[in-house]
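Written below as C-alpha cells is the structure these notes are about.
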Amino acid sequence: MAAVNSLQWPYTPGKPLSIAERQHIIQLFNGGLTKTEVSERLRVTFQCVTNVIEHYRRYGSVNPLGHSGKQPVALTYDILEDIEVWKHQKPSLYRRHRETTFGMHCRERVNVIPALYPT
C-alpha cells in the first residue's frame, strides 16, 4: 500500500530507505547542500534526511542497525540447584503449577467452572 509523503512522493510506510538512497543523502549533504535542500531534491521528508544524517554521524555507516533482541538467560547447574532448594523450602511458590498440572484446583486462585467441582 503506497502512500504519499508531504512532498507528494510515493513511499511505502514501514519500509526503510534503500542503502543507495541513504548514501545519496550523505553525498548531497557532504557536498554542501542543507538538509532542506536534500529533502526537496530527493523528495523525502526532512525528518528522514535528519535521521539518516544523524545515524551516519553516530555510527559512521548508512547501514541500519540490526534488532538484537533479548539475550536468553543461561540456567547454570548452580541456578537449577538453587531452584530445587527453594521449591523444597517454599512449596507454596509452585502450588498453582501443581494444581493446574495435576488437576487439584484451588477455587480462589484458578478460574474453574463451578458446576464441574461441586462443594
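Following full-length UniProt numbering, the numbering of the sequence shown begins with 1 at its first residue and continues without gaps. Positions of the beta carbon are idealized from the N, C-alpha and C atoms, including for glycine.
Neighbourhood of T50 by C-beta distance below 8 angstroms, restricted to the same chain and skipping five residues each side | Here residue 50 refers to the residue found at position 50 when the sequence shown is read from its first residue. Once the five neighbours on either side are set aside, the close Cβ partners of T50 are K35.
Taking the alpha-carbon positions, what's the F46 to S39 distance?
-> Indexing the sequence shown from 1 puts residue 46 at position 46. Indexing the sequence shown from 1 puts residue 39 at position 39. Distance between the alpha carbons of F46 and S39 is about 5 angstroms.
So which of E84, H67, G69 has the shortest CA-CA distance to T76?
-> Position 76 of the sequence shown, counting from 1, holds the residue named residue 76. Considering only alpha carbons, the answer is E84.
CB-CB length for V52 against I19, believed under 8 angstroms = Residue numbering aside, residue 52 sits at position 52 when the sequence shown is read from its first letter. Residue numbering aside, residue 19 sits at position 19 when the sequence shown is read from its first letter. Not confirmed; about 11 angstroms, so no contact.
For Q23, collect the residues of the same chain with a Cβ closer than 6 angstroms to its Cβ; drop the 5 residues on either side in sequence, then sort them by chain order.
-> For the purposes of this step, residue 23 is identified with residue 23 of the sequence shown, where counting begins at 1. V62.
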